[in-house]
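Note that the working numbering has the sequence shown beginning at 1, numbered continuously upward. The beta-carbon is built from N, C-alpha and C at its ideal position, and this holds for glycine as well. Since we're looking at a predicted model, the values are computed, not measured. Let me begin by presenting the structure, written as structure tokens, before commenting on it.
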Amino acid sequence: MPFDEFMAAALYDPDGGYFSTGPLRSARDGDFLTSPEVSPLFGATLARFVEVEAYRIGADPIEVVDAGAGSGSLLRGLLDTVRTGVRAWALEVSPAAREALRLAVPEAMVAEGPAALPAPLRGVVVANELLDNLPAAVAVRRGAGWKERLVGADADGLCWLEGPARPEVAAWAERHAGPVPEGGLVEVQIAAGEWLRDMLGRVEAGAVVVVDYGDTGPGLASRRAEGTLRTYRGHHLGPDPLLEPGSTDITLDVDFGALEAVARQEGAAVEVTPQAEFLERWGLRESLARLRAEELALAREGDPMERLRVRSLITGGEALLHPRGLGDFRVLVARR
């Protein structure tokens, strides 16, 4: 079985997939946290981007779609701050997450997938840490060509095999991978490109915003020897992806260079920046400065609990900008 088929089943199978069954995964008592869970300032800062897009395309209300909405933290922070009319959509394959979303963001329309969205769409589609979980094949450099990693079984359980690469897998790797050493591994992210193409096809006017860990081709070059495939469980790196399928988060670094190429093919104006640069551009530094002034005033004379709340906001906001952490994530903005 090609690895992308295995990954799709392990994460999304209706009866045993990691995201399709079990509890809410993106939570403090789950397996991972994303930027919106770290700080509501993520959604609040994105609200300023939405306001400018609403003005640019003349949309009131503007549609805002959170694809892979998880706990609803992103939409909650955005809707609590935005100063323009918004019609919010939360897309989520996880039944547990959809239940959480109906409580956290009752004003949003909650759906399993994009088929429920209005067509054409005038607004902003946001995918925060979604594309790193879309199924990817794994190409292996062999000589001047490519093989493909497969999943098989032996007496000890699931195991890695190697076979001829499917034509589309070899073509993607040849186009996007750049120099790869003998035996090096490349996550072939065809599904991520198809997702972006589909979303851009739905957006008549507005933007698609992709936030995730990863890089463009040159930044990924040093990671090609071992590949970037990994798992998470309980906020720590987990076991081999073939162990305990359905109980661990399987993820990979997103190839933003490949996504940028798709966006340009679709006629979008596209830009890729570090998360810190994107959030600074839309006012997060100014928000932190105001919070620090508020904390100082509370230190002189104020409620200690309120000061603690403000300090927590500052700490979370600073984490979003950290150059060796969340601030080094990438943000792709593709506009129509």
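Nearest-angstrom Cα separation, counted from residue j out to residue i
i	j	result
A177	T228	13 Å
L298	V254	42 Å
H236	R230	11 Å
A268	A261	10 Å
E99	E194	28 Å
E244	Y18	10 Å
E226	L296	48 Å
A221	W172	15 Å
G72	V310	21 Å
I336	L252	The question names Ile, but residue 336 in the sequence shown is Arg. Their Cα atoms are separated by approximately 28 Å.
L74	P241	28 Å
S35	G152	36 Å
G113	R300	50 Å
L130	L103	21 Å
D328	T273	9 Å
D154	F6	16 Å
R166	E266	25 Å
G214	A191	16 Å
F256	V50	22 Å
V93	R281	32 Å
D13	R48	37 Å
R149	R141	10 Å
C159	L320	38 Å
T315	G219	28 Å
D132	D212	7 Å
S312	G70	22 Å
Residues bridged to residue i (per DSSP)
i	result
I399	Nothing about residue 399 can be reported from this structure: the residues present for the chain run from 1 to 336 only.
V332	Here the sequence assigns Leu to residue 332, which means Val is not the residue at that position. Beta-bridge pairing links L332 to V210 and V272.
W160	V151
E92	For E92, which the question treats as bridged, DSSP gives no partner whatsoever.
R122	A205
M109	W89
R230	T251
D215	D255
V52	Answer is none; V52 lacks a bridge partner.
C-beta atoms of residue i and residue j nearer than 9 Å
i	j	result
D4	P135	yes
P323	A137	no
G145	A170	yes
G163	A10	no
T84	G43	no
V125	A88	no
R233	D249	yes
G157	A54	no
Q275	V331	yes
V270	V180	no
A97	L24	yes
Q. Quick one: any contact between the segment 203 to 210 and the segment 49 to 61, if contact means 3 or more CB pairs under 8 Å?
A. They touch, by the three-pair rule.
Q) Just checking, does the segment 94 to 109 make contact with the segment 183 to 199 on the three C-beta pairs under 8 Å criterion? A) The segment 94 to 109 makes no contact with the segment 183 to 199, as fewer than three CB pairs between them are under 8 Å.
**Q.** beta strand (DSSP E) runs contained entirely in the segment 244 to 327, provided each spans 3 or more residues
**A.** Runs of the beta strand (DSSP E) inside the segment 244 to 327: 249 to 251 and 269 to 274.
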